[in-house]
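Per my numbering, residue 304 is the first one in the sequence shown, and the count goes up by one each step. We put the CB at the ideal spot given by N, CA and C, even for glycine. Have a look at the structure below before the remarks.
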Amino acid sequence: MTRALAQAERMRILIADATPAALAALLARGGFPNVTSATGAAEALGRLRECAHRLHGAVDVVIIGAHLSDQEGIGLCRTVRTHRAWREVPVILIADPTGDPRAALRDADEAGADDVLFTPVRPSELFSRLLWALSLKRERDLRRSRERALMEELAGRKIMEARLEYLLDHDALTGTANRRGLEQGLDQAVLDARYQRHTAALLYLDLDQFKVINGTEGHAAGDRMLIAVTEALRPELRPTDLLARIGSDDFAVLLRGSNQTRAREIAERLRRTVDELRFTTDGCDYHISASIGLAMIEPGRITSTSEILGRADQACFIAKNCGRNRVHVFALDDRHILHQLRSNAYWVPLIREALAKGSFQLLFQPVQGLRDGRINHYEVLLRMEGGQGELLGPAEFVAVAERMGLIRDIDRWVVHEATELLRTLPETISLHINLSGHAFQDPGLLGLVRQRLRETGVCAQRITFEITETAAIADPPRTRAMLQRLRALGCRFALDDFGSGFNSYGHLKQFPVDLLKIDGTFVSNIIRNPVDRVLVESMVMVARTLGKQTVAEFVEDRETLELLRRMGVDYAQGYFIGEPARELVVNG
Numbered sequence: 304m305t306r307a308l309a310q311a312e313r314m315r316i317l318i319a320d321a322t323p324a325a326l327a328a329l330l331a332r333g334g335f336p337n338v339t340s341a342t343g344a345a346e347a348l349g350r351l352r353e354c355a356h357r358l359h360g361a362v363d364v365v366i367i368g369a370h371l372s373d374q375e376g377i378g379l380c381r382t383v384r385t386h387r388a389w390r391e392v393p394v395i396l397i398a399d400p401t402g403d404p405r406a407a408l409r410d411a412d413e414a415g416a417d418d419v420l421f422t423p424v425r426p427s428e429l430f431s432r433l434l435w436a437l438s439l440k441r442e443r444d445l446r447r448s449r450e451r452a453l454m455e456e457l458a459g460r461k462i463m464e465a466r467l468e469y470l471l472d473h474d475a476l477t478g479t480a481n482r483r484g485l486e487q488g489l490d491q492a493v494l495d496a497r498y499q500r501h502t503a504a505l506l507y508l509d510l511d512q513f514k515v516i517n518g519t520e521g522h523a524a525g526d527r528m529l530i531a532v533t534e535a536l537r538p539e540l541r542p543t544d545l546l547a548r549i550g551s552d553d554f555a556v557l558l559r560g561s562n563q564t565r566a567r568e569i570a571e572r573l574r575r576t577v578d579e580l581r582f583t584t585d586g587c588d589y590h591i592s593a594s595i596g597l598a599m600i601e602p603g604r605i606t607s608t609s610e611i612l613g614r615a616d617q618a619c620f621i622a623k624n625c626g627r628n629r630v631h632v633f634a635l636d637d638r639h640i641l642h643q644l645r646s647n648a649y650w651v652p653l654i655r656e657a658l659a660k661g662s663f664q665l666l667f668q669p670v671q672g673l674r675d676g677r678i679n680h681y682e683v684l685l686r687m688e689g690g691q692g693e694l695l696g697p698a699e700f701v702a703v704a705e706r707m708g709l710i711r712d713i714d715r716w717v718v719h720e721a722t723e724l725l726r727t728l729p730e731t732i733s734l735h736i737n738l739s740g741h742a743f744q745d746p747g748l749l750g751l752v753r754q755r756l757r758e759t760g761v762c763a764q765r766i767t768f769e770i771t772e773t774a775a776i777a778d779p780p781r782t783r784a785m786l787q788r789l790r791a792l793g794c795r796f797a798l799d800d801f802g803s804g805f806n807s808y809g810h811l812k813q814f815p816v817d818l819l820k821i822d823g824t825f826v827s828n829i830i831r832n833p834v835d836r837v838l839v840e841s842m843v844m845v846a847r848t849l850g851k852q853t854v855a856e857f858v859e860d861r862e863t864l865e866l867l868r869r870m871g872v873d874y875a876q877g878y879f880i881g882e883p884a885r886e887l888v889v890n891g
């Protein structure tokens, strides 16, 4: 509460309303005394200019009241959002619900408002939205300052190198360390335990409600939630502790110099911090909680970083499956609990049944040529029918299939079904087939592909196998040999998620691929992010120099598509081109 009050007192708020006094008084009573008022859009813009020129006087949030006309309020919002000096400032729009609320929401969204409240405004809701807006502005300022620093420090290829080097150790969304950064810290902690007799602890946090919020409210809301959790955790940690985001909704904390009692206390404090956090989006409040696994790094008891990560992950798994919102400390006798939790009573029979009854399905996403606009290529995406008839993505079942030795059968099913489909399609159509990383270590894959080509009469050049950088480097000699043999049959290869790995360019020299699929995290933001734009241009230039074609993923709008076309990208894929569908529609 003290921290929230301090934030409120320092927060600089601009009210634009025909009668701002009541709203200003409400804010003052709520602990937000630093308020500047304007009775119209023109005066508000003048106030913004004045504040920008004062030392430490920039506005943190703009509130546009309901007493301005719709045209004036929306116009002011649009000006603030598009003006170079103010576009990072969050805008909260207060609207009158007596009209059409949906139209008001639509107009506010188009104008770039970050949040919308309807009169009568509840003080508690307004205050919580203001604190969220302050967190949003800090995140925007942080991102902008980082990008400005990169742009000022580096030029040309150095920008690309700095971006890749930063992403090597940091999470782009939260600014925390990423998995690699955590592993480096763990490596040192293991050495300190071995040679200096120091103790440490690793906490593994899994957010229990993230998938619900991300699926219901969208990825943007999910990102805001991750940022909110990060901002809540940071003040609870010491400068010597290392906070890392290591998965979509997984965090880890390395506690240096902590014994088990102290580490357990910190873990419980972090659990309570997350449990007390309330996340609000689009008027809906969500309760968040975290399941936390704790594993100790002690002299003589830990041999490697992978071992400590596995133990903490295992403890988190137990906490999550024993009721959630709790802390579990790893113990050697946990194996019995894990055996019960991970009993194959659910997943393995479901996978085997899908293989036996054909409950796997293939979806097809179009890949458009940017030179002629034609769609002659489709990526094949695997789904499995769940117990309630829902379609499950690979993330749900592939890890289990790999652990239980079922992944080879799934890969072979995909090859069989894809080649069977190609037999029925026009010869101008080709398929991009995703297989697991294990497929290219399977000595039987070559024989299967050769047999299916012979049985179906399909031209091998109509098949492009997609391989991720992670899969490619798992066993480089064997993978390279398999790629060469399949290419000798006429099959083509695409290096998927290109650019996501630190040594992406080095992999081009090792593996004989025909296409580079530029990782979608670079493509999705090239309109607004000059760093990502330079990176994509560099990848296209390298591909063209090496005689390889490029495919851009995550193309979500026409503006991005046209920019990629001007850059010289060969193909585009994403929801703007077409969503994955069960039926492959071939245009005559």
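Same chain only: Cβ atoms within 7 Å of residue i, ignoring 5 sequence neighbours per side
i: G696; result: R686
i: Q664; result: R686, E688, L694 and R885
i: R847; result: G871
i: I830; result: E862, T863 and L866
i: D578; result: S592 and N628
Contact set for residue i: own chain, Cβ-Cβ below 6 Å, skip 5 residues either direction
i: P393; result: V364, D417, A436, L439 and K440
i: D509; result: D553, S594, C619 and K623
i: R446; result: none
i: R614; result: A598 and F633
i: G402; result: none
Distance between residue j and residue i (C-alpha atoms, nearest Å)
i: M870; j: L748; result: 37 Å
i: A311; j: L433; result: 8 Å
i: M314; j: A361; result: 10 Å
i: G560; j: A598; result: 13 Å
i: P833; j: E840; result: 10 Å
i: E375; j: A321; result: 11 Å
i: W389; j: C794; result: 52 Å
i: S827; j: E862; result: 11 Å
i: G478; j: V532; result: 12 Å
i: I395; j: G550; result: 31 Å
i: G518; j: R500; result: 45 Å
i: G488; j: L476; result: 20 Å
i: N562; j: R483; result: 24 Å
i: A775; j: H735; result: 17 Å
i: V761; j: Y681; result: 16 Å
i: R548; j: R627; result: 19 Å
i: H522; j: Y498; result: 44 Å
i: F805; j: L471; result: Legend: pLDDT at F805 = 47, less than 50; position of this residue unreliable, value from coordinates given subsequently. Taking the straight line joining both Cα atoms gives about 6 Å.
i: M785; j: P746; result: 8 Å
i: G442; j: E520; result: Note on residue identity: the sequence assigns Glu, not Gly, to residue 442. Each residue's alpha carbon lies about 20 Å from the other.
i: G802; j: T502; result: 37 Å
i: V701; j: I713; result: 9 Å
i: Q491; j: P336; result: 47 Å
i: T422; j: P652; result: 54 Å
i: N647; j: R726; result: Reliability of the predicted coordinates at N647 is poor, the pLDDT of 48 falling under 50, and no value is obtained from them.
i: L358; j: L838; result: With a pLDDT of 49 at L358, under the threshold of 50, the modelled position of that residue is not reliable, and no figure is offered here.
Top-ranked residue by Cα proximity to residue i, from the options
i: S739; options: L728, I770 and Q754; result: I770
i: R541; options: G415, L471, R572 and I549; result: R572
i: E539; options: D526, I530, Q664 and I569; result: I569
i: Q787; options: R885, V338 and D817; result: D817
i: R711; options: S733, T479, H719 and H741; result: H741
i: L330; options: T576, I366 and F796; result: I366
i: R677; options: L408, G760, I880 and R449; result: I880
i: G603; options: G692, I397, P404 and D495; result: D495
i: E486; options: E534, A535 and L546; result: L546
i: H386; options: D410, P729 and A414; result: A414
i: D282; options: E353, L709, C587 and T773; result: The shown model of the chain, from 304 to 891, leaves out residue 282, and the question about it has no answer.
i: R755; options: E723, E730 and R781; result: E723
i: A411; options: T382, I377, S427 and R384; result: I377
Same chain only: Cβ atoms within 8 Å of residue i, ignoring 5 sequence neighbours per side
i: D616; result: Y507 and G596
i: Q512; result: Y589, H590, I591 and S592
i: A566; result: A504, L506, L558, L597 and M599
i: Q852; result: D817, L818, L819, A846, D873 and Y874
i: V904; result: Residue 904 falls outside the range modelled here, since the chain spans only 304 to 891, and no answer is possible.
* Only counting runs of 4 or more residues, tell me where the alpha helix (DSSP H) segments fall wholly within the segment 533-601, in order along the chain. => Entirely contained in the segment 533-601, the alpha helix (DSSP H) runs reaching 4 residues are, in chain order, 563-579.
* Asked: Can you list the beta strand (DSSP E) stretches of 3 or more residues lying completely in the segment 672-697, in chain order?
  -> The segment 672-697 is shown to contain whole beta strand (DSSP E) runs of 3 or more residues at 678-688, in chain order.
* Could you name each continuous alpha helix (DSSP H) segment of 4 residues or more that falls completely within the segment 349-390, going from the start of the chain to the end? => Counting only runs of 4 or more, we get 373-385.
* Which parts of the segment 743-792 are runs of the alpha helix (DSSP H), unbroken and 4 residues or longer, counting only runs that do not cross its ends? -> Listed in chain order, the complete alpha helix (DSSP H) runs (minimum 4 residues) inside the segment 743-792 are 748-759, 772-775 and 779-792.
* Would you call the segment 654-663 and the segment 625-632 touching, i.e. three or more CB-CB distances under 8 Å? -> They do not touch, by the three-pair rule.
* Asked: Quick one: complete alpha helix (DSSP H) runs, 4+ long, within the segment 388-451?
  -> As far as the segment 388-451 is concerned, its whole alpha helix (DSSP H) runs of at least 4 residues are 404-414.
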